[in-house]
Amino acid sequence: GLPGLAVLSMEIYASAVLEATLLPMPKPKESWREEMNKLAARAHRTYNSVVRENSDFVPYFRRITPLNALSQLPLGSRPAKRKQEG
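Just so we're aligned, residue 1 is where the sequence shown starts under full-length UniProt numbering, counting upward by one.
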């Protein structure tokens, strides 16, 4: 292993956690909000142009994604069967 790198990584992680939890969050500037609104609008337009307005997207997605296999997996938000003990 690389103990020095592990210690450095832990220091960076701990510093970020302390900074995020102990320092007050900066109040968003109006210019930040304007830029985020522009970015969100552009992302929305781009998503729609790729996913909703491109007739090739659904066939492409079906071809590259194992949808049939995924639909057969027993996935759910809760366990299908709970253990009797504990």
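All C-beta atoms in this analysis are idealised placements derived from N, C-alpha and C, irrespective of residue type, glycine included.
Residue i to residue j, Cα distance in whole Å?
| i | j | result |
| --- | --- | --- |
| residue 37 | residue 50 | 20 angstroms |
| residue 14 | residue 33 | 29 angstroms |
| residue 71 | residue 65 | 11 angstroms |
| residue 26 | residue 16 | 15 angstroms |
| residue 24 | residue 79 | 40 angstroms |
| residue 42 | residue 73 | 35 angstroms |
| residue 55 | residue 63 | 14 angstroms |
| residue 28 | residue 35 | 11 angstroms |
For a minimum of 4 consecutive residues, which ranges assigned as the alpha helix (DSSP H) are wholly contained in the stretch 2–74?
For the stretch 2–74, whole alpha helix (DSSP H) runs of length 4 or above, ordered along the chain, are 3–22, 30–47, 57–64 and 67–72.
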